[in-house]
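Here the structure comes first, spelled out in structure tokens, and everything after it is commentary.
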Ligand SMILES: Cc1cc2nc3c(=O)[nH]c(=O)nc-3n(C[C@H](O)[C@H](O)[C@H](O)COP(=O)(O)OP(=O)(O)OC[C@H]3O[C@@H](n4cnc5c(N)ncnc54)[C@H](O)[C@@H]3O)c2cc1C
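In the working numbering, the protein residues as written are 205 to 509.
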């Protein structure tokens, strides 16, 4: 086996420290590349070793199994940085740049268009893959193009236009294809009043932190909204706020959040997801589909994401 040291590879790293739910077993191999070149080199290493690989961002939309994950897990949180061109509103951001940091920087520079995103604790790469959105805005609205790499050809990054990504509600084609996002180019509205853009950005953050359980580990909204219904309203209407399995609890503050009250396991969260799905199905005949991505082996209880 090739020597892992120069690439910063580590074995059996617990993933609970890399997910916002604070659950998840060990990655067989793990690394945190701080450049696109290093990330591609790690993908090449995994390929040469015959290992599967997966890139994660802030882990804010992930339920990682207690059994952990096989192969190489690459966490992008060190792949940060963004160049802002205030003359034309173009931002080129690295995949690991935190979205809230980018939103605040853009606002201070008088670039409008990312105000909705300030309360989403993910990275640029995760936001593109998930088409993250809030307050009536979403990633697809402001994305121009991305640079990606295919793990099977890590030496050849290439560019995709936003129009090629099949964006829909919390969906992009990247959820089905194993392409890795290295960077993203956004186009915002230049020449706006920085004070006003910053005010709107702060107001968005305030409205969220006052209505959602930001102090406890969670993954944000667990279920997609089954249009025309709101998942949170269906769950709350059945009196499920506060429902608890082990350390996992349907948030008493926002019914579409499941919080880790301290010592939850991924299995307990998974079981609570399944229980909520069963109750809503039985009462309304509506199937709630998880927005969160379940990674690794889980028991047979939960419905497929
Ligand atoms: C408190 C809280 C509030 C939230 N509010 C919102 C909200 O309002 N709106 C919303 O849409 N979401 C919300 N979320 C969910 C989450 O923050 C978003 O889905 C976010 O976009 C995920 O980004 P991430 O970097 O954490 O991705 P991760 O959770 O790490 O990964 C998500 C998926 O993207 C893949 N991925 C990540 N980075 C890359 C990359 N560079 N290349 C290829 N694949 C990649 C992963 O493999 C995984 O499949 C919230 C979460 C929390 C905890």
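Ideal placement from N, C-alpha and C gives every residue a C-beta, glycine not left out. These numbers come from a predicted model, not from an experiment.
At least one heavy atom of ligand 1 falls within 8 Å of the beta-carbon of residue 324. Within the same chain, and ignoring the five residues on either side of residue 456 in sequence, the residues whose Cβ sits closer than 6 Å to its Cβ are 445, 446. Note: residue 364 is bridge-paired with 350 in the DSSP secondary-structure output. Counted as a single uninterrupted DSSP element, the alpha helix (DSSP H) harbouring residue 249 occupies residues 240-253.
With a cutoff of 9 Å on beta-carbon distance, residue 299 and residue 322 are scored as not near each other. Residue 393 sits in a strand when the DSSP states are folded into three classes.
In the DSSP assignment, residue 453 is bridged to 448, 463. If you ignore the 5 residues before and after residue 256, its C-beta comes within less than 6 Å of the C-beta of 275, all in its own chain and listed in chain order. Under the criterion of beta carbons closer than 8 Å, residue 353 and residue 386 qualify as touching, at roughly 6 Å.
Nearest neighbour of residue 318 by Cα position, chosen from 291, 503, 236, 403, turns out to be 403. Between residue 425 and residue 436, the C-beta gap is smaller than 9 Å, which places the two residues in contact. Judged by DSSP secondary structure, residue 266 falls within the beta strand (DSSP E) whose first and last residues are 266-268.
Rounded to the nearest whole angstrom, the CA to CA distance from residue 217 to residue 469 is 17 Å.
Around the beta carbon of residue 292, fewer than 16 other beta carbons sit within 10 angstroms, so the residue counts as exposed. Straight-line measurement puts the Cα of residue 388 at about 24 Å from the Cα of residue 406. Bridge pairing for residue 289: 294 [DSSP]. Looking at the DSSP output, residue 497 shares a beta bridge with 266.
Considering only 466, 268, 461, the residue with the shortest C-alpha distance to residue 429 is 461.
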